[in-house]
Every structure is written in structure tokens, then in C-alpha cells.
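Q:
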Amino acid sequence: MLTRRRLIGSAAAGLALLVSRTGIGATPGSVLAVRVWPAKDYTRITIESRDALVFNHHSVRNPERLVVDLEGLELNSILQSLPTKITGQDPYIQLIRAGRNRPGVVRLVIELKAEVIPQVFTLKPIGEYGHRLVLDLYPAEPVDPLLALLEKLSPEEAAAGGAAPPAVPEKAEEKPPRRVADAERKPEPPHREAPAERPLPRKPGSEDEPAVTRLITIAIDPGHGGEDPGAVGAAGSYEKNVTLSVGRRLKARIDAEPNMRAMLTRDADYFVPLQQRVAKARRVQADLFVSIHADAFISPTARGSSVFVLSDKGASSTAARWLAQKENAADLIGGVNLGVKDSHLARTLLDLSQTAAINDSLKVGKAVLGELGGINRLHKGEVEQASFAVLKAPDIPSILIETAFISNPEEEARLNDEAYQDRMAEAILRGLRRYFAKNPPMSKSKLASLN
Numbered sequence: 168m169l170t171r172r173r174l175i176g177s178a179a180a181g182l183a184l185l186v187s188r189t190g191i192g193a194t195p196g197s198v199l200a201v202r203v204w205p206a207k208d209y210t211r212i213t214i215e216s217r218d219a220l221v222f223n224h225h226s227v228r229n230p231e232r233l234v235v236d237l238e239g240l241e242l243n244s245i246l247q248s249l250p251t252k253i254t255g256q257d258p259y260i261q262l263i264r265a266g267r268n269r270p271g272v273v274r275l276v277i278e279l280k281a282e283v284i285p286q287v288f289t290l291k292p293i294g295e296y297g298h299r300l301v302l303d304l305y306p307a308e309p310v311d312p313l314l315a316l317l318e319k320l321s322p323e324e325a326a327a328g329g330a331a332p333p334a335v336p337e338k339a340e341e342k343p344p345r346r347v348a349d350a351e352r353k354p355e356p357p358h359r360e361a362p363a364e365r366p367l368p369r370k371p372g373s374e375d376e377p378a379v380t381r382l383i384t385i386a387i388d389p390g391h392g393g394e395d396p397g398a399v400g401a402a403g404s405y406e407k408n409v410t411l412s413v414g415r416r417l418k419a420r421i422d423a424e425p426n427m428r429a430m431l432t433r434d435a436d437y438f439v440p441l442q443q444r445v446a447k448a449r450r451v452q453a454d455l456f457v458s459i460h461a462d463a464f465i466s467p468t469a470r471g472s473s474v475f476v477l478s479d480k481g482a483s484s485t486a487a488r489w490l491a492q493k494e495n496a497a498d499l500i501g502g503v504n505l506g507v508k509d510s511h512l513a514r515t516l517l518d519l520s521q522t523a524a525i526n527d528s529l530k531v532g533k534a535v536l537g538e539l540g541g542i543n544r545l546h547k548g549e550v551e552q553a554s555f556a557v558l559k560a561p562d563i564p565s566i567l568i569e570t571a572f573i574s575n576p577e578e579e580a581r582l583n584d585e586a587y588q589d590r591m592a593e594a595i596l597r598g599l600r601r602y603f604a605k606n607p608p609m610s611k612s613k614l615a616s617l618n
């Protein structure tokens, strides 16, 4: 009798081991959420699950399609909702079909509007996210930010940038953001045939208007976006929404200046890796890089505006070091495909010849900080330094502005106020004017001769 029980027990243990190794009888993996982030640069699809997903994918031509098989899953209501998340405004996806291909396998068929280069990769759990399968659909012909900068149709359309023009902010908020080029250049007056080499007119009575011989290009970087919400306020406000709104308003004002033009590193709610933000600024040969944030701190009493520049040594305060560590982790949250490596970009970010850029950054940071002090109390009375990855362009002066602390309930309310956002954008612009009035950039031809 004892022998029989031992045999039965051994057989049961063997069956349990077989089930654990093969998945026979196991509960199918659970999909927690599906998200779609359409943008001009690329469209991202994210499938979040409790367990790591097993998948394979392949492309089909004529017509263009991407087929993804998800193994160990059964079709549920969350996966069935994926097709409803595709809108006609998506630049790359026509529609998505989700269905049961065979027992335990769900097939996604993504019908495309044009040829794409897909990047499919997984992300491990981090923060509030579980396992994620990411499908990044990049256009076969990448968007050229420099060309987009030259496609401005009119000052009003360019200034809108998806947000309200300065004079009538309430009207534009009633409409969904119109996706336009990252930055678009104003049409030149007919009599100005060579704007890059001839002086631009100065506004009468304006002491801050710089005497330059070409347009000043400013890269505006609204922090976070897409999968990365940034800091979250007590009332549920997302930093990514605040920074985009302030960034659009700043772009509107810069584009309205006769001697300036602006581009946005993102003009909608999507994720841009830190290195790509720097690369976009360099591709348009920006004269200045302005990253906008509204971060949180461990204490809800922290408040005030701040300006940071890059440090090639240590952070200038404990708070600066803490904030830099948080911001530099954005790629882990937003999700970067580590299988793609750009040696040129790596060399750019590792370039040590940043002394001149840091010195200029300190000057512009001081000018902007002085103006911010007129609309909000300052967290620190001087420009701080820390090793922010997004400030590491070796040849572009770069500043990071903390508009206010979203973790402070009072400041969170102000950050969501359109009037405050307008005042913030105006203050930043005044600081930029002050800087360029004293430090006009050299012409492109002179810069080229120095390289």
C-alpha cells in the first residue's frame, strides 16, 4: 500500500513538473492595458501585461502590414479594444485587427498607410508599469526637422503651434491641438532677399532686441510625454501636459518675434528619448536649447521656480542631484529600445568640449531666472548645476527650467492656470531677449569658419 502511494506521489510530482515547464494547463497571460501614441515622428503601441509576453512579428508588403503574434494569450476585452484606439489622424496606421489565430495565440494585423521601419522590443516592470511589449513604427523616410522649420505658412499658424496665440488663448483651447511641424519659419517680407546675412529690423523702443545678422533658432523641449507622464501632482495633474502647454505658448511668442524662430522637440503627447531631444536640436542648428519641466520633490512644501544648467562635476545642491537622477531615469519609464545604438549620438553626448557651452548656459540661465523671479518665488536665488542628460549638447547652450513644483498643491493649481502659463512663457521670452541682446550669435558662415 505504501509503495503504491509513493508511486502515485511520484507520478503527480512528475506531472506538475511537466506542466510548469511546458505551460500545459497554465492560465493564459493577462493583458493589463493597451495604449497608442500617434505622432509625426513615429507611432507607438504599448501592450502591458502581468507576465512577460512571448511574441513574434513579420512585415507584409502590398499592402503594407505588420503582423504580430502574441503567444500564451486568449482574446479578451482589453485586446479587443485596441482597434478602437486608432483614429484617422494617425499618420502611419490605417487600422488594427485583433483576433484569435489559434488556441493560445492572438494575432494583431496592423494595416499601414505607408512603409514603416518597425522596432519591436520589451520593457521590464518599472514604477507603476508591468511588463510591456512596445511596437514603434518609424517612417521609412524620417521626418526632417530642418525642413519642417522652413514650412511655416503664416505667422499666426506657426505661432499657434497647437496652442492658443497670445492674444486669444481661450479660443484655441476649445479646439483639439492641431499637429503642425515641430517648428516653422515665418515667411520673410518680400524686400528681405537674404535674411541669413542681412540685419533684421529692431522693434521701436525695445532695448532688449538683439542686433543680429540672422534668425535665432531656439529648441523648446517640453519634458516627458507619452508613456512617461513625469511627476504627478496631488490632484492628479501630469507634468507632461503642463510642460507641453507652456512649451507651445513659448513657441507662439518666439515665432512672433521678428528675429527668432522656435521648434518643439515634441508637439503632442508622445515619448521622445533624451538623446533624441538633443539630436533634434542639433539637426536644426539651434542657438539655444530650453527644456521645460514642472517636477516634484520628496516634500510637498518644496516650491518655487528654478533654472539648471549642465555640470561636468557635481550637483550644486542635494535637490539638484535628486532632480537630475529623476529626469535621467525618464528613458527607463518612457521606454527606449536598447538594441538600437547610434555611435554618432554616443560620441556627441560623450564630447568633453562643453566648457564654452556651459558658460553661455550660465549667462542665459541667469537672465531667465531673473525674469521668473518677477512672477513666482524662486526655489534658489542662483542658477544651479547638475548632470542632466538632456543638457549634454556639446555645442548648444542649454538650460532646464523648473516652472514650479507640481508636488506642491498650491503651485500645482497655478501650473494648470492658463494665465499663469502665459505669464511663464512671457517671462522666459523676456529672459531670452535679455541674453541675446548682450550675446548676439555669430552668423552661420562665421561659425563654419571657426570649425
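Sequential numbering from 168 applies to the sequence shown in my numbering.
Where a beta carbon is used, it is the ideal one built from N, C-alpha and C, also for glycine.
On the three-state DSSP scale, how would you describe R514?
A: Because the pLDDT at R514 is just 47, under 50, the model does not fix this residue reliably, and the value given afterwards should be weighed accordingly. Residue state, collapsed to three classes: helix.
Q: In chain order, which alpha helix (DSSP H) runs of at least 4 residues are fully inside the segment 556-588?
A: 576-582
Q: For Q286, write down the residues that DSSP places opposite it in a beta bridge.
A: D303
Q: With a 10 Å radius around its C-beta and 16 neighbouring C-beta atoms as the bar for buried, classify R470 as buried or exposed.
A: Buried, by the Cβ-count rule.
Q: Check each candidate in R601, R600, I253 and I465 and name the one with the smallest Cα separation from I110.
A: Coverage of the chain is limited to positions 168 through 618, which leaves residue 110 absent and any answer about it impossible.
Q: Check whether the segment 536-553 and the segment 582-597 touch, using three or more Cβ-Cβ pairs below 8 Å as the test.
A: yes
Q: Would you identify the three-state DSSP class for P354, choosing helix, strand or coil?
A: Legend: pLDDT at P354 = 42, less than 50; position of this residue unreliable, value from coordinates given subsequently. Here P354 sits in coil by DSSP.
Q: DSSP three-state call for V526: helix, strand or coil?
A: The residue asked about is misnamed: residue 526 is Asn in this sequence, not Val. Of the three classes helix, strand and coil, the one that applies to N526 here is helix, per DSSP.
Q: Compute the distance between the beta-carbons of G392 and V439, then report whether it is under 9 Å.
A: yes
Q: Assuming E278 is part of the beta strand (DSSP E), what are its boundary residues?
A: V272 to L279
Q: Suppose contacts are defined by Cβ-Cβ distances below 9 Å. Is R450 in contact with I563 by that definition?
A: no
Q: Which of helix, strand or coil does DSSP assign to Q552?
A: strand
Q: Cβ atoms of L275 and Q286: under 9 Å apart, would you say?
A: no
Q: From the DSSP secondary-structure annotation, give me the bridge partner or partners of G641.
A: Outside the shown range of the chain (168 to 618) lies residue 641, about which nothing can therefore be said.
Q: Would a C-beta distance cut-off of 9 Å place I284 and Y305 closer than the cut-off?
A: yes
Q: Does the pairing of the segment 570-589 with the segment 398-414 give three or more beta-carbon distances under 8 Å?
A: yes
Q: Am I right that I620 and I421 are in contact with their C-beta atoms under 8 Å? What's the rounded C-beta distance?
A: Residue 620 falls outside the range modelled here, since the chain spans only 168 to 618, and no answer is possible.
Q: What did DSSP end up calling T251 once you bin it into helix, strand or coil?
A: If DSSP states are grouped into helix, strand and coil, T251 belongs with the helices.
Q: Excluding five sequence neighbours on each side, which residues of the same chain lie with their C-beta closer than 6 Å to the C-beta of P205?
A: D257
Q: Find the nearest neighbour of P270 within the set A461, V531 and L240, judged by alpha-carbon distance.
A: L240
Q: Run through DSSP, which three-state label would L599 get?
A: helix
Q: Within its chain, find whatever has a CB closer than 7 Å to the CB of T194; leave out the 5 residues flanking it on each side and keep chain order.
A: Unreliable placement is indicated for T194, whose pLDDT of 43 sits below 50; the coordinate value is still reported in the next sentence. For T194, same chain residues with a beta-carbon under 7 Å away, outside a window of 5 residues either side, do not exist.
Q: In this structure, does DSSP put R202 in helix, strand or coil?
A: strand
Q: Suppose contacts are defined by Cβ-Cβ distances below 9 Å. Is T570 in contact with T468 by that definition?
A: No, Cβ-Cβ distance for T570 and T468 is not below 9 Å.
Q: Do V474 and I387 have their beta-carbon atoms positioned less than 9 Å apart in this structure?
A: V474 is positioned such that its CB atom lies no closer than 9 Å to that of I387.
Q: With 16 as the cutoff for other CB atoms within 10 Å, does I293 come out buried or exposed?
A: By the 10 Å Cβ count, I293 comes out exposed.
Q: Give me the DSSP bridge partner(s) of S244.
A: Answer is none; S244 lacks a bridge partner.
Q: Along the chain, where does the alpha helix (DSSP H) that runs through D422 open and close?
A: E406 to D422
Q: Suppose you measure from the CA of E577 to the CA of G537; what does that come to, to the nearest Å?
A: E577 and G537: Cα-Cα distance of roughly 22 Å.
Q: My understanding is that G136 touches E579, with C-beta atoms under 8 Å, so please give their C-beta distance in whole angstroms.
A: No answer is possible for residue 136: the residues shown for the chain start at 168 and end at 618.
Q: Report all residues from its chain with a CB closer than 6 Å to the CB of T432; omit the five preceding and five following residues, and keep chain order.
A: D388, V439, R444 and K447
Q: What do you get for G548, buried or exposed, if any count of 16 or more other CB atoms within 10 angstroms of its CB means buried?
A: exposed
Q: In whole angstroms, what is the alpha-carbon distance linking A281 and G414?
A: 30 Å
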